[in-house]
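Heads up, the thing below is written out as structure tokens.
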Amino acid sequence: MRGHEADANFDIITDAAARIDPKNRKLTGVIYQWCHLCDEEHRASDRQFMHVFHHPKVVCVSSSGLCRLSSHQFCGLVCHELGHMLAGKRASEERADQAAEAFFRVKIRYDKKRIQYLTIEDMLRLVKLAEQYWDQ
Ligand SMILES: [Zn+2]
Ligand SMILES: [Zn+2]
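Counting with this note's numbering, you get residues 246 to 381 for the letters of the sequence shown.
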């Protein structure tokens, strides 16, 4: 995945969120950015690519999260991280997935490497929501 694809995928997810619930305070205005701590965490654990609650309203992403992940994995991980924001700091990994699934009405799946991903159908569902948001 290239940088502009990460930008586009992230925008689709946050615009879909704005369409689903325009007044959601936890997700409104969320951005992503590269974070050196994320790179350290990724070196320690190779399926660690992103984290939240480091900076308010920011999904921190490692370098490998920006260049090694497929769009499917990037979208799955971003939805999972937004699930953490919805579920709160103390929520478990399962609760984060449940919160994301309930909000976006997608299924957070795990591949052979235990990395989250979305199916193309779920990605298209988010694109449709984002398009509805742009048309408003
Ligand atoms: Zn960070
Ligand atoms: Zn998590």
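Don't be surprised by glycine CBs; every beta carbon is placed ideally from N, CA and C.
Between G321 and I353, the C-beta gap is smaller than 7 angstroms, which places the two residues in contact.
Taking K271 as reference, the option from R359, Q361, Y378, A345 with the minimal CA-CA separation is A345.
The shortest C-alpha to C-alpha distance from D356 to any of R340, L314, L374 is the one to L314.
Under DSSP, I276 shares a beta bridge with V303. Under the three-state reduction of DSSP, R270 is assigned to coil, being neither helix nor strand. By the neighbour-count criterion, in which a residue is buried when 16 or more other Cβ atoms sit within 10 angstroms of its Cβ, Q318 is buried. M330 carries a helical assignment under DSSP once its states are collapsed to helix, strand and coil. By the Cβ rule, the region 268-282 counts as touching the region 322-335, because three or more pairs are nearer than 8 angstroms. Residue pairing by DSSP places R354 opposite Y362 in a beta bridge.
At the C-beta level, L371 and I276 stay beyond 7 angstroms of one another.
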